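Numbering (the numbering used here), first residue to last: 55 to 233.
Each residue gets a CB set at the ideal place from its N, CA and C atoms; glycine is no exception.
Please read these numbers as outputs of a predicted model, since none were measured by experiment.
Have a look at this one:
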C-alpha cells in the first residue's frame, strides 16, 4: 500500500495499491516500471492532503455549477477520494508492457479518484483511466499513451512547455486536452 508523503526517490513495480493521497516533495522522482499496474482505491483516503473547503463537499451536484463541478457531476469529496501529486514522474512503458493506472473498482467511473498531478516527467506507453483530472504544471513529455474514462480533463496543461505526442483519448466526459 502506498500513501502519504514521498520523501525520496521511489521505484514502483508489479501491482501497486494507492490507498490515500500522495504528495512528493521537490526533487523526488517516482519511476513506474514497464508492466506495473497501479490501482487507486475509490474510497477511504488514508491521508487527505486536500483541505480546500469546496473540495470536501460530497454527493452529486443537483444545482448550479459549483467551483467547476457541473450539474449532475459528483463533488470532489476529498476526504474519501484520492489525489496523487508527484514532482517528477518517469514511466518508461513499452508497447508489450504498458504501465496501467486505474481505479480498483469493478465498475469504474470517470470520478473514481480525483487527481493525478505532475510537475515534470516522461511518460511513454501508459494507460490512465477512471479519474477526474490529470494536471501537468511543468515540462513533461507524454507519448504513445491512452487516457480514457475521465471526468473533467484527460490532460490539463497549465504552465511551461509540455510535449504531447501520439496519444489516444477515449470515453472522456469533458475535455481531452485543456490548456
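Around the beta carbon of residue 225, fewer than 16 other beta carbons sit within 10 angstroms, so the residue counts as exposed. Listed in chain order, the non-local C-beta contacts of residue 203 below 7 Å within the same chain comprise 162, 164, 183, 184, 225, local neighbours out to five positions each way being set aside.
Residues 72, 73, 74, 75, 76, 100, 101 of the same chain have their beta carbon placed closer than 7 Å to that of residue 57, with the five preceding and five following residues left out of the count.
By the neighbour-count criterion, in which 16 or more other beta carbons inside 10 Å mark a residue as buried, residue 90 falls on the buried side.
A straight-line Cα-Cα distance of about 20 Å links residue 59 and residue 156. DSSP, reduced to helix, strand and coil, places residue 107 within a helical segment of the structure shown. Remark: C-beta atoms of residue 179 and residue 147 approach each other more closely than 9 Å. The DSSP-derived three-state label of residue 176 is strand. Shown here for residue 108: same chain residues with a beta carbon closer than 6 Å to its own, the five before and five after excluded, namely 121 in chain order. Closest in alpha carbon position to residue 213, among 227, 190, 195, 219, is 190. Taking C-alpha positions only, residue 68 is separated from residue 150 by approximately 15 Å. Residue 96 and residue 115 have their alpha carbons spaced roughly 19 Å apart. In this structure, DSSP gives residue 120 an extended state, which the three-state scheme calls strand.
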